[in-house]
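Those protein sequences? They're chains W and H, same order as listed. By the count of the working numbering, the first sequence reaches residue 1074 at its end, each step adding exactly one. By the count of the working numbering, the second sequence reaches residue 309 at its end, each step adding exactly one. All residues carry an ideal CB built from backbone N, CA and C; glycine is no exception. Nothing here was measured: the structure is a model prediction, and the numbers come from that model. Inspection log for the structure reproduced underneath, given as structure tokens.
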Amino acid sequence: MSVRVGLALLKAELSKAWARPILEVTIALMAILSVASIRPLTEIYSQSDFSTAFQSIVAESVSATMTSLMLPLVLMCAVLMSLSFARDYESGLMQSLLSVPVSRSLFFTVKFVAVILPLALLSWFFSVFFVGITFYSSPWIVLQFSFYVLPVSVLALMFCGGIGVLVALLIKRTIPSVLTTLIANFFFWFICSMESEYVYRSFGANFANYVCLAPFKSSLVFLDKLLGIQHSVSSSLIDPLVSSFSVGSFGILVVFWACVLVVPMVVYFSRRFEICD
Amino acid sequence: MDCEIIGEFRSVTKRFGSAVALDGLSLKIYRGINGLIGPNGAGKTTAIRLSLGLIKADAGCAELFRFDCWNDSLVIRGRVGVLYEKLAFYDNLSGLEQLRLMAKLKGASDSVVKLRKLLCLVELDESVHGRRVGGYSAGMRQRLGLAQALLGNPELVILDEPTANLDPLNRVKILELITFLNKEHDISFLISSHILPELERVCDNFILMNKGKLLRQGSIVQMFEKTVTTKFIVRVQPVESVMVFLKDEAYVEDLAVIDDCLHVVVRDAVLFRKRLPLLVGQVGASLDEVRMVKSDLETVFKSTVEGA
């Protein structure tokens, strides 16, 4: 019963959240950024161990595609999530939907999935497509490596989606919510994307080490670790934290970031959230 | 009132910051058609939202069908249909698709034949069932909202301004439909509206609120009984001399001469009827006619709210 209800609601939410031209704009933006991440093939011809070098460069291509896609993914997710909650609240649709016998947690989950799932699928599709056209002779290796993009992007998007929901539920007005979400995510992105080398030179190695633990950076490091890439935060600095933390530890860290906002938001929305003017 | 009580608020208080939306509100919702009236900001919408578990009371107890409105809201929402003043739909869906979605969410039958029948019942033309809701007129959206509220045979339907956006002809039809559904299908209604003559025609029980408090509750007869002021039209000769005396009477609220008749609004109708012949006799005037103007809900509303 609740699966049927959830699917019916998800279908309606998908058609609303991705109404023209949102889907088209997202695809165009992601396609442009993915093209920029395509790597030249020349460097692998010089390698003697061709198979290892080939796998390594496919993994690096997947990682590079995902790194390029991360910023638009983060911004689109946060904005769409904020838009989805704030617009429904403002228009009165949330009031109507919360007046039917559907649990609030299901309603929240559906709205969340309706934004995150298509974005994660798109990022997976683009990594398969653009890495695939470069390495078209080895589709299975491409598929195998690209598969990791799906869970990593879902987890990364849960954090920025959580920011979007938090802002929307606090502000409850569409335009201010979307703008605040954009600013909040840029702020987080800026902090998380600060070059370790700069931090290292300005504040010392201890501070630089911790950059890899920040939400967006940790997702990319986690993906690199899953792909078996030796991650270097910058060309001249090998971060000891990145090297010493296992893939599992980064997995736990990324899951923590994914849940840190979403879980309290679900609890708040289910138990305390009120509809008022 | 000896009707069955289906809902009750007991000393319910709700604050939004420093503003008090409901101030110890106590009321009863009876089986039948209940009219919820009050000026803007009286707390009607807050009371409706509270009854559906959309907001939580700060103090007091709110129950529908003996279930707590906040803790058991899922059960209550399964038995209640609602039409809000602020209508909102998935505008990209067609009217039929929207109704089908809501039927699934309510656990009601989503058979297209039944849903079309329901749309026809609320006078939504068959030619627009497949059209996107975003292209509907205000009246069509109102009818779709009403159909949505009636989904799944609810025991109670809460309607917030159900006839807003409708032309007079369709208003009458909707009111007839409400009466029909109450009589034939035993569906109870809680109607919040500012169009009081409409409520007067269909409601069995009235709830009059102001500033988050209950001012008065009861049938239309009970509402009139407790009316604070009553209006009389007095035909007397000469008018001016009687008017001078009446001005000094403490129970007289308002006095005017219209078409050689005295229009008198009094707080105590019994005392006025007793004193008037004495006053007329005192000034040596002739009393031709004393007529009490029949009170309507608007008069009751005005006098009660102003009196409060």
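Query, Result
"DSSP on H:Y31, reduced to helix/strand/coil?", "strand"
"Taking 7 Å as the cut-off, decide whether the C-beta atoms of W:V964 and W:S879 are in contact.", "yes"
"Using three-state DSSP, classify W:L811 as helix, strand or coil.", "helix"
"According to DSSP, is H:G42 helix, strand or coil?", "coil"
"Could you tell me which residues DSSP pairs with W:I972 in its beta bridges?", "W:I972 pairs with nothing; no bridge assigned."
"Specify the secondary structure class of H:E9 as computed by DSSP and reduced to three states.", "strand"
"From H:L37 to H:Q218, what does the alpha carbon distance come to, in whole angstroms?", "9 Å"
"Please state whether DSSP places H:H195 in a helix, a strand or coil.", "coil"
"So which of W:E857, W:F944, W:Q852, W:S950 has the shortest CA-CA distance to W:L866?", "W:S950"
"W:V962 and W:F882 - do their beta-carbons sit closer together than 7 Å?", "yes"
"Could you tell me the alpha carbon to alpha carbon distance between W:F987 and H:K107, rounded to whole angstroms?", "45 Å"
"Taking W:S1015 and W:L1050 to be in contact with their CB atoms under 8 Å, please state how far apart those CB atoms are, rounded to whole angstroms.", "5 Å"
"Give me the Cα-Cα distance between H:D289 and H:F246, rounded to the nearest whole angstrom.", "17 Å"
"Exposed or buried, which one is W:P1012 when buried takes at least 16 other CB atoms within 10 Å?", "buried"
"Please list the partners that W:V899 has in chain H, where partner means a Cβ-to-Cβ separation under 7 Å.", "L106"
"Can you tell me the Cα-Cα spacing of H:I49 and W:M991, whole angstroms?", "51 Å"
"Let me know if W:W937 comes out buried or exposed under the rule of 16 or more other beta-carbons within 10 Å of its beta-carbon.", "exposed"
"Got a sec? Which residues, its chain only, sit under 7 Å from W:S1032 by beta carbon, not counting five neighbours each side?", "Low local confidence applies: a pLDDT of 46 at W:S1032 is under 50, so the model's placement there is unreliable, with the coordinate-based value given in what follows. Nothing meets the Cβ criterion."
"Kindly list, in the order they appear in chain W, the residues whose Cβ is closer than 7 Å to that of H:M141.", "Neighbours of H:M141 on chain W: none; closest Cβ ~16 Å, over 7 Å."
"Would you kindly check if the distance between the Cβ of H:Y31 and the Cβ of H:N183 is under 7 Å?", "no"
"According to DSSP, is H:H264 part of a helix, a strand, or is it coil?", "strand"
"Would you say W:V946 and W:W921 are within 7 Å of each other, going by their C-beta atoms?", "yes"
"Are the C-beta atoms of H:A286 and some chain W residue less than 7 Å apart?", "no"
"For H:N41, which residues in chain W fall below 8 Å Cβ to Cβ?", "Within chain W, no residue comes near H:N41; the closest Cβ sits about 12 Å away, beyond 8 Å."
"Figure out for me which residue from W:I824, W:R884, W:K808, W:L914 has the closest Cα to the Cα of W:R970.", "W:R884"
"Check whether the Cβ of W:V802 lies closer than 7 Å to any Cβ atom in chain C.", "No chain C appears in this structure, whose protein chains are W and H."
"Kindly say whether W:E1071, judged by its beta-carbon, lies nearer than 7 Å to any beta-carbon of chain H.", "yes"
"Out of H:D168, H:V76, H:K303, state which residue places its alpha-carbon closest to the alpha-carbon of H:F66.", "H:V76"
"Should H:E299 go down as buried or exposed, given a rule of 16 or more other Cβ atoms within 10 Å for buried?", "exposed"
"Are H:L125 and H:R144 close, meaning C-beta to C-beta below 7 Å?", "yes"
"Does the beta carbon of H:N93 sit closer than 7 Å to a beta carbon anywhere in chain W?", "yes"
"Check whether the segment 45-63 of chain H and the segment 2-20 of chain H are in contact - that is, three or more C-beta pairs closer than 8 Å.", "yes"
"The alpha helix (DSSP H) spanning H:T180 covers which residue range?", "169-186"
"Could you check whether W:S924 and W:F862 sit closer than 7 Å to each other, using their CB atoms as the reference points?", "The residue asked about is misnamed: residue 862 of chain W is Thr in this sequence, not Phe. Yes, the pair counts as a contact, with Cβ atoms nearer than the cut-off."
"For W:K1022, which residues in the same chain have their Cβ closer than 6 Å to its Cβ, ignoring the five residues on either side in sequence?", "V1044, F1047"
"Give a yes or no on whether the C-beta atoms belonging to W:G803 and W:V897 are separated by under 7 Å.", "no"
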